[in-house]
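One line per chain: the protein sequences are E and W, in this order. When the letters of the first sequence are read in order and numbered with numbering that gives the first Met the number 0, they come out as residues 0 to 124. When the letters of the second sequence are read in order and numbered with numbering that gives the first Met the number 0, they come out as residues 0 to 124.
Number of protein chains: 2
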Amino acid sequence: MPEEKKKKKVSGVCSQPLIHEDIVERVQKKMPDENKLYDLAELFKVFGDSTRIKIIWALFESEMCVCDIAYLLNMTQSAISHQLRVLKAARLVRYRREGKTIYYSLDDSHVQQIFEMGMEHILEG
Amino acid sequence: MPEEKKKKKVSGVCSQPLIHEDIVERVQKKMPDENKLYDLAELFKVFGDSTRIKIIWALFESEMCVCDIAYLLNMTQSAISHQLRVLKAARLVRYRREGKTIYYSLDDSHVQQIFEMGMEHILEG
DNA sequence: ATAACATATGAACAATTGTTCATATGTTAT
DNA sequence: ATAACATATGAACAATTGTTCATATGTTAT
């Protein structure tokens, strides 16, 4: 829509070396280790999928085998297995074998509190 | 690698109508509303990116303008603006204008507790 | 050994997502 | 009005991710 404007310089875009040097410096000192923040993001990424959220929430209630979960969530056994692998890798679930069946259960004490806080945030809307 | 096996039926794959009907039924009753679980996943998805995690963590310490954040995280102003938009949409940050500058700050009381729980989980490893 | 079955997994594909680039918008000083 | 600058945003692109499909693996009963 806009016709050729006769702008001279692009300039702008954080041209200052730093606007609030003092603040940035103070914050920088308080920032946790880069790797820890990365790992934290990785953990939340695991929670950031509704299939996995459902699986975890179901496991709050009871341990279940893969087929149970698939049936409960109305999803493919394969899809559930793939997601359980992700949860396993994040050390959020554990499993035990009983014959052909494999039972999964929650393996974490913090998840419930994290979820509760998350719910509180959501329900404020 | 495996040569043609003479399997007859594919069968399997959750052939039973339900393995543990009682458990599944009980869990089903306890499951929260589908939409709430979806929203919860959406919230955690926002935390599931290290750039956004860093921005939030920085804002724990102090409100900052966009250029400050970009400088702190050694990222483009544009990238930061895009992410701030995501955080804004999730009602996690608020902003105030002061002249040309826009200051962002945290707008949530639960995030810190969620992050703390997340950190505890990570640090157990 | 073989069949049946619960589960796991690699490959493929579509969908989603984060960053970059270019440029628009909004504010201030001149 | 215009220049300068802080910020926002649309389009494009590469990278990541979730599901499906086919099939492998592991266990049990025969």
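Where a beta carbon is used, it is the ideal one built from N, C-alpha and C, also for glycine.
Item: Counting only Cβ pairs nearer than 8 angstroms, list the residues of chain E close to residue 63 of chain W.; Value: 19, 22, 23, 26
Item: For chain W, check one thing: does any of its Cβ atoms lie closer than 8 angstroms to the Cβ of residue 35 of chain E?; Value: yes
Item: Starting from residue 123 of chain W, follow the alpha helix (DSSP H) in both directions and report where the run begins and ends.; Value: 110-123
Item: On the three-state DSSP scale, how would you describe residue 61 of chain W?; Value: coil
Item: Pick out the complete beta strand (DSSP E) segments inside the region 26-84 of chain E, 3 residues or longer, and give them in chain order.; Value: none
Item: Output, in sequence order along the chain, the residues in the region 82-98 of chain W whose CB is closer than 9 angstroms to any CB in chain E.; Value: 89, 90, 91
Item: Using a Cβ-Cβ cutoff of 7 angstroms, what residues of the region 39-66 of chain W are near chain E? List them in chain order.; Value: 39, 40, 42, 43, 44, 46, 47, 48, 49, 52, 53, 56, 57, 60, 61, 63, 64, 66
Item: What separation, rounded to the nearest whole angstrom, lies between the Cα atoms of residue 75 of chain W and residue 83 of chain W?; Value: 12 angstroms
Item: Which of helix, strand or coil does DSSP assign to residue 92 of chain W?; Value: strand
Item: With contact counted as at least three CB pairs below 8 angstroms, one residue from each stretch, are the region 86-98 of chain E and the region 13-30 of chain W in contact?; Value: no
Item: Count the other C-beta atoms from every protein chain shown that fall within 10 angstroms of the C-beta of residue 53 of chain W, then say buried if there are 16 or more, exposed otherwise.; Value: buried
Item: Residue range of the beta strand (DSSP E) that residue 101 of chain W falls in?; Value: 100-105
Item: Residues of the region 66-81 of chain E with a CB closer than 7 angstroms to any CB of chain W: list them in chain order, please.; Value: 66, 67, 69, 70, 71, 76
Item: Quick one: is residue 32 of chain W near chain E, going by C-beta distance under 8 angstroms?; Value: no
Item: Does residue 107 of chain E get closer than 8 angstroms to chain W when you measure Cβ to Cβ?; Value: yes
Item: Cα separation between residue 99 of chain W and residue 110 of chain E?; Value: 42 angstroms
Item: Using a beta-carbon distance below 8 angstroms, is residue 113 of chain E in contact with chain W?; Value: yes
Item: From W:60, W:42, W:32, pick the residue whose C-alpha is nearest to that of residue 86 of chain W; which is it?; Value: W:42
Item: Do the region 32-39 of chain W and the region 114-123 of chain E touch if we need at least three Cβ pairs shorter than 8 angstroms?; Value: yes
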